[in-house]
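Colleague: Sharing a structure, written as structure tokens. Questions coming.
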Amino acid sequence: MPKIKVLPVYPEFPVTFWSFKYAVEYVGKKSSMPPTGLATVVAMLPSQKFDVHRIVDLNVESLTDEQIKSSDLIFTSSMIVQEGSHNEVIDRAHFYGKKVVAGGPFPTSYWERNRKADHVVAGEAEITLGPFLEDLLSGNARERYDEKDLLRGGRVSVEVRKNGKPIITGTPVPRWDLVDLEKYFCAAIQYSRGCPFDCDFCDITKLYGREPRTKTPGQMINEFEALRNRGFSGDVFIVDDNFIGNSSNLRKFLPVVIDWQERNNYPFSFFTEASMNLAWDSNKDILEDMVKAGFSQVFLGIESVDEEVLKNMKKQQNVRMNPLEAVRRIQEAGLEVTGGFIVGNDGDRKDVFDNLYKFIQEAGIVIPMPGLLTALNGTDLYKRLEREGRLRGDSMGNNTHHLGFNFEPKLDEEFLISGYVGLLERLFNPKNYYERCRVLQDRLGKSIGGRKIGWSDVSAFGKSVKRQLFARGGLEYSKHLISAAITSPRQFPKAVTQAIKLDHFGKLTRATSDVYNYREHTESLYRRFRLGAKRIVKRRSDEIHRLSEIASSILHKAERRYETLHDDFKSDAFEYLESLRNRVNELADSLRKRYSSA
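For what it's worth, the numbering used here labels the leading residue of the sequence shown as 41, then goes sequentially.
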């Protein structure tokens, strides 16, 4: 029997906060990081039964018709925000009579929105992939494979924990031979899954449980070596839900990393995600060892600086210690802190935006990720809002630089959205951004290792000067670089990187502001139409026919402005355009009827 030819396809991301789309262009890269999950899943396919083609990542290249036609089966892995591209892949595959196997967080959480896929392999592949492959080879593959159903049916062949989640000590090294790592700014590997905390807005514990499971130190060294063998060196993102979730195992793992890095002259600089308790006295040894192991940055879920809000979202780990002191302690140890913040919580007060801005500036968090709260399917927040009748629909997966809620917030929605846009504009204003850079520079402790400077970095600096020196914020840009060169020459490459990242965040913020201002533009156009229509009706007689002419002119202006908006942000503006169309047409029809019946 011939091998089944599998084409792995990774759907495209829209431009988002973490895509760094505009930043990676400076260093000649196509995307920030490779599709590690998909590369891991295809590594689980038995080589004697499956012929796996090179991974097609739509974030770095196009999918050709020939690639689809030369395959038997297409595998995809996607997050919620990739839904649009994911559906396009399915449609193209079906056009050529190919079936699609969908996996990842999006199909797992939103089964009903994935009915176009021929097979959904939900949950963690260690549990669900094996039974699917068994049925596929016997010609009896089902439409959906779910962890709980397979556990109940006794079809799970791997060891699982009491919570039904698989151990990951047998998870294979990703198939990096199927990925061109040269196209990515950094690599990404996973050490653990799950989180011991249970924040009400977060779906991590619903997907992966509250018992953090880790790979062994030996597994991780194999993963490091696999990257090095492919010629990769530089930044590596440890894509854990909470890197310090299993502190016991982590204390055994970090010394192994330190030893490996020292023996290999620190080829990697790590960054990861962790909870705020990293700053606690009880975790001082972990923090110190992370720095020794070559970690340079950590993302923290800070979420709010209001203690009552944190308690309401069940984020008790953030209440025990003053957040400003926690961030400062981690920075002084040698790790840059990036942080997530959420606006739109039930307990938020009118001063929420001023308080967040003040905290972020004082904390020196150069890259803050503020977003409007979104209720994800399966979370405690989602269930509560559903019970309260406040839920409007499902999340589209992007909670930053996005203007809307999928539920009814308690604070005035217009206040929240306008305040959010204002917060973004303040945070990514060049003067304020570079002020945070200076705070961080003064506070950041010494790190170990770091990415080696190469020709691509020199080229990036040249592009940065060309694009940013004489652009908006050019004066602040030059002051930032000159200050870094004089006061801390060793940090000059980091200063250039910070400037380049601001270009990305600045463009996102301007695109978001454009969408927000577009709403006011449509309101202004409607007011103009209403006034013009009233004048015509007063004169009545032969001018009533001009309503259609004026309506067309108004809508044409709105459509022309709409076309100038960023493609990845038009979805927010489309509802404003549609609302204008409906209101203009309704008013015009109403006035015509009134005139004809007079």
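Idealized CB from N, CA, C, for every residue including glycine.
Take T80 as the anchor and find which of I244, K109, V100, G144 has the nearest alpha-carbon.
Modeller: For T80, the nearest C-alpha among the options comes from G144.
Colleague: Which value, in whole angstroms, describes the spacing of the CA atoms of T537 and A573?
Modeller: Taking the straight line joining both Cα atoms gives about 54 Å.
Colleague: Put A314 into one of helix, strand or coil per three-state DSSP.
Modeller: The answer is strand: DSSP assigns A314 an E or B state.
Colleague: Can the beta-carbon of A162 be found closer than 9 Å to that of V213?
Modeller: It is not a contact, given that the beta carbons lie outside the stated cut-off.
Colleague: Around the Cβ of D607, are there at least 16 other Cβ atoms within 10 angstroms (buried) or fewer (exposed)?
Modeller: Result: exposed.
Colleague: Does the beta-carbon of A227 have 16 or more other beta-carbons within 10 angstroms, so that it is buried, or is it exposed?
Modeller: Its Cβ being crowded by 16 or more others within 10 Å, A227 is buried.
Colleague: Have a look at V140, I576, D420 and flag the residue whose alpha-carbon is nearest the alpha-carbon of R634.
Modeller: Looking at the Cα atoms, I576 is the closest of the given residues.
Colleague: Keeping to the same chain, check which residues put their C-beta closer than 6 Å to that of V82; ignore five residues upstream and five downstream.
Modeller: P48, V92, R215.
Colleague: Going by other Cβ atoms of all chains shown within 10 Å of its Cβ, with 16 needed for buried, is N358 buried or exposed?
Modeller: With 16 or more Cβ atoms within 10 Å of its Cβ, N358 is classed as buried.
Colleague: Just to check my reading of the structure: Y616 and T562 have Cβ atoms closer than 8 Å, yes? What is that Cβ distance to the nearest angstrom?
Modeller: Correct: roughly 5 Å between the Cβ atoms.
Colleague: Pull the bridge partners of N90 from the DSSP assignment, please.
Modeller: The question names Asn, yet the displayed sequence has Phe at residue 90. Looking at the DSSP assignment, F90 forms a beta bridge with I44.
Colleague: May I ask you to report which of helix, strand or coil DSSP gives D240?
Modeller: Note: D240 maps to coil in three-state DSSP.
Colleague: When the Cα atoms are used, what is the spatial distance from S117 to H126?
Modeller: Distance between the alpha carbons of S117 and H126 is about 8 Å.
Colleague: For A314, which residues from the same chain have a beta carbon less than 7 Å from its beta carbon, with the 5 sequence-adjacent residues on both sides left out?
Modeller: Contacts found: N282, F283, I284, V338, L340.
Colleague: What's the C-alpha gap between A373 and L484?
Modeller: If you take the alpha carbons of A373 and L484, they lie about 7 Å apart.
Colleague: What does DSSP give as the partner residues of V141 in its beta bridges?
Modeller: The partner list for V141 (beta bridge, DSSP) reads F115, H159.
Colleague: Sort out for me which residues DSSP pairs I5 with in a bridge.
Modeller: Outside the modelled stretch of the chain, which goes from 41 to 638, sits residue 5, for which no answer is possible.
Colleague: Let me know the secondary structure DSSP gives I278 once reduced to three states.
Modeller: Here I278 sits in strand by DSSP.
Colleague: With distances taken between CB atoms, is the gap from L173 to K89 smaller than 9 Å?
Modeller: Yes.
Colleague: With DSSP as the reference, please indicate the residues paired to R184 in a beta bridge.
Modeller: According to DSSP, R184 bridges with V160.
Colleague: By the DSSP assignment, the alpha helix (DSSP H) with G77 in it spans what residues?
Modeller: Unbroken alpha helix (DSSP H) run through G77: 76 to 82.
Colleague: Start and end of the beta strand (DSSP E) containing S504?
Modeller: Taken as a continuous stretch (DSSP letters only), S504 belongs to no beta strand (DSSP E), being part of the alpha helix (DSSP H) at 495 to 508.
Colleague: I'd like to check one pair, E376 with L480: are the Cβ atoms closer than 9 Å?
Modeller: Their beta carbons are under 9 Å apart, which means L480 touches E376 by this criterion.
Colleague: Going straight from the alpha carbon of G437 to that of F241, what length do you get?
Modeller: Rounded to whole angstroms, G437 to F241 spans 13 Å at the Cα level.
Colleague: With L463 and F510 assumed to form a contact (beta carbons below 8 Å), what rounded beta-carbon distance in angstroms separates them?
Modeller: So it is not a contact: roughly 28 Å between Cβ atoms.
Colleague: Sorted by chain position, which residues of the same chain lie with C-beta nearer than 8 Å to A415's C-beta, five sequence neighbours on each side aside?
Modeller: Here the set comprises F241, L421, Y422, L425, L431, S435, N446, F447.
Colleague: When burial is assigned at 16 or more other CB atoms within 10 Å of the CB, is M41 buried or exposed?
Modeller: With fewer than 16 other Cβ atoms within 10 Å, it is exposed.
Colleague: Can you name, in chain order, every residue of its own chain whose Cβ lies under 6 Å from the Cβ of P74, other than the five neighbours on each side?
Modeller: Within the same chain, P74 has close Cβ partners V219, Y224.
Colleague: Could you pull the DSSP bridge partners for Q337 from this structure?
Modeller: Paired residues: F311, E376.
Colleague: Using a beta-carbon distance below 9 Å, is F545 in contact with chain B?
Modeller: Given the protein chain composition of this structure (a single chain), no chain B is represented.
Colleague: Where does A411 fall in DSSP's three states?
Modeller: Looking at the sequence provided, one finds Gly at residue 411 rather than Ala. In the structure shown, G411 sits in a strand (DSSP, three-state: E or B).
Colleague: Which whole-angstrom value is the C-beta distance of R268 and P307, which I expect to be below 8 Å?
Modeller: Confirmed, about 6 Å.
Colleague: Return the residue from the list I167, S178, Y185, E183 that minimises the CA-CA distance to E199.
Modeller: For the residues I167, S178, Y185, E183, the minimum Cα distance to E199 belongs to I167.
Colleague: Just mark I120 as buried or exposed, buried being the case when its beta carbon has 16 or more other beta carbons within 10 Å.
Modeller: The residue is buried, with at least 16 neighbouring Cβ atoms inside 10 Å.
Colleague: Taking S273 as the reference, give the member of Q508, I540, K43, G494 with the closest Cα.
Modeller: Comparing Cα-Cα distances from S273 to each of Q508, I540, K43, G494, the minimum goes to G494.
Colleague: From which residue to which residue does the beta strand (DSSP E) around A228 run?
Modeller: Unbroken beta strand (DSSP E) run through A228: 227 to 229.
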